[in-house]
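Undergrad: Each residue of the sequence shown is one higher than the one before, starting from 363 at the first, in the working numbering.
Heads up, the beta-carbon is just placed ideally off N, CA and C, and yes, glycines get one too.
Just so you know, these numbers come straight off a predicted model, no measurement behind them.
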Amino acid sequence: MSFQYWQNIGKKNKTKFVSLDKAYHGDTLGAMSVGGVEEFNKLFSPLFLPSFKVPSPYCYRCPMGKEKDHCDIDCIGPLE
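1. Using the DSSP secondary-structure output, state which residues sit across from Leu382 in a beta bridge.
2. Please report the residue range of the alpha helix (DSSP H) in which Gly388 lies.
3. Return the residue from the list Pro412, Lys415, Met394 and Phe414 that minimises the CA-CA distance to Leu405.
4. Can you give the Cα-Cα distance for Cys359 and Pro440, rounded to whole angstroms?
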């Protein structure tokens, strides 16, 4: 859907995808390409389109070992 949007408004060079790691986006090859649930996607991964994965901002099990009230949203860093 995002690819089609950029194409429709004339931004033909917008062909890269950024997605959240451990995220589920659906069961089509395109959706699984940007998804991050390895248990579901492993078999099909040779068919996937390339995408950039960034950590999910998941406070409950922070991958950076921080707590919600004191994190400064450092998990957003990889997006920059």
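TA: Taking the coordinates as given:
1. Val416.
2. From DSSP, Gly388 is part of no alpha helix (DSSP H); its letter is neither H nor E.
3. If we check each option's Cα against that of Leu405, Met394 comes out closest.
4. This structure gives no information on residue 359, because the portion of the chain shown stretches from 363 to 442.
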